Structures are given as structure tokens and as C-alpha cells.
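Notes follow the structure.
Residue numbers (UniProt numbering): 1 to 180.
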């Protein structure tokens with residue numbers, strides 16, 4: 001069983017918050033200390049991550065020696081740390097300018113979490129991909145079932161009808177939670 005897990009908030013198939021949710025539901029005897037890597041420091045996302053068990057946050061880009069130090073610190077004492085905002089006293093480095101792609105992914109992830117789509121369902125992944133694709137090519141809105149769903153299906157090795165069904169389910173779940 002791991003002592004420390006280094007986890008990025010934005011990942012291709014399952015984001016960091018979903019991993020934390022699954023980790024929390026797991027039957028591990030001892031939960032590992034989790035260090036979250038993030039390109040953005042939005043309070044609602046960091047609060048949710050802390051609620052799910054994250055021990056520490058490091059803003060990207062970061063110095064590798066800094067990460068190693070935090071891994072040693074977190075694994076050495078095993079105590080729960082709280083989120084520290086970047087400051088001159090903090091060992092978390094201030095982020096340098098981010099790439100537009102990372103900003104877009106971060107914004108999409110935040111919005112999907114805010115409306116209440118659970119990260120563990122497939123529709124979440126497909127919806128995130130669909131939003132990104134439409135952002136980059138608005139013309140896709142005119143051909144959702146003919147182009148968008150088949151393109152997503154190809155990327156995730158599934159069928160267009162399964163993509164559509166999963167996205168519908170994700171929207172229904174979010175709707176039932178009342179955040180839309």
C-alpha cells in the first residue's frame with residue numbers, strides 16, 4: 001500500500017477529484033497522503049479535494065526538488081496538512097503563465113464539477129471532451145450526432161450511441177442534483 005500519492009487535478013481519463021473519490025471508497029487499511037498538482041488554485045476545487053482527503057497542493061509549474069521535499073515531509077510525519085495559498089512564506093511556488101490548453105481543461109473541469117456531474121461516470125469524460133472539441137470548433141454544434149459523438153467514440157474506443165447515452169445520463173444526474 002502506498003504512503004504517498006502524487007496526483008494531478010487534470011488527467012485524460014479520470015481527473016484527480018474522481019481518483020480521490022475512488023480512493024476514499026476503497027478498502028485500503030491506510031489511506032495514502034495525497035499531494036495534488038494543479039495549474040490553477042480555485043478555492044471550490046481545492047476545498048473539495050481537501051474534503052476528499054488531499055494532504056497538500058503544489059501549483060504548476062514547480063521545482064522537482066520542491067516536490068521531493070513535500071513528499072518527504074508528508075510521508076515523514078503522516079499528519080494531515082491543509083491547503084496553503086502561495087505566499088512569500090510558503091514553499092509552494094507561484095505559477096508561471098499557463099498554456100491556453102491547460103487553462104481550458106481546468107475551466108471545463110471546474111464547470112462540470114460545479115453543475116454536479118460526478119467524475120466517476122463515463123458521461124463526465126465524454127462531456128468534457130465534447131465541450132473541449134466544440135470550444136475549438138464551434139461548427140461541431142451543427143453536427144452533434146453525425147460528427148461530434150462519433151469523434152468522441154473513436155477517441156474512447158466505443159460507439160457514438162454509447163457516447164450519447166452516457167452524456168445524457170451525466171446531464172440527468174446533474175439535473176437531479178439540482179445544480180443546473
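Glycine residues also receive a C-beta, built at the ideal position from the N, C-alpha and C atoms. Since this is a predicted model, take the numbers as computed values, not measurements.
- Cut-off 6 Å between Cβ atoms - residues of its own chain near residue 65, not counting five sequence neighbours on either side: none
- Query: Does the Cβ-Cβ distance between residue 187 and residue 117 come in under 8 Å?
  - Reply: The structure shown has nothing for residue 187, since the chain only spans 1 to 180.
- Task: Please list, in chain order, all residues of the same chain as residue 168 whose beta carbon is under 7 Å from its beta carbon, the five residues on each side excluded.
- Result: none
- Express the C-alpha separation of residue 115 and residue 198 in angstroms, rounding to a whole number. Outside the displayed range of the chain (1 to 180) lies residue 198, so it cannot be described from this structure.
- Between the CA atoms of residue 9 and residue 70 - distance to the nearest angstrom: 17 Å
- Task: Could you spell out the range, first to last residue, of the alpha helix (DSSP H) harbouring residue 133?
- Result: Counting along the chain, residue 133 sits inside the alpha helix (DSSP H) bounded by residues 122-136.
- Close Cβ partners of residue 32 (< 8 Å) along its chain, the five nearest in sequence each way excluded: The residues are 1, 2, 3, 4, 5 and 23.
- Item | Assigned exposure category for residue 176 - 16 Cβ within 10 Å defines buried | exposed
- Task: Please state whether DSSP places residue 151 in a helix, a strand or coil.
- Result: helix
- Exposed or buried, what is residue 139 when buried is set at 16 or more other beta-carbons lying within 10 Å of its beta-carbon? exposed
- Query: To the nearest angstrom, how far is it from the Cα of residue 165 to the Cα of residue 12?
  - Reply: Cα-Cα distance, rounded: 20 Å.
- Message: Given a cut-off of 8 Å on the beta-carbon distance, is the pair residue 108 and residue 143 in contact?
- Response: no
- Query: In three-state terms, what does DSSP make of residue 119?
  - Reply: coil
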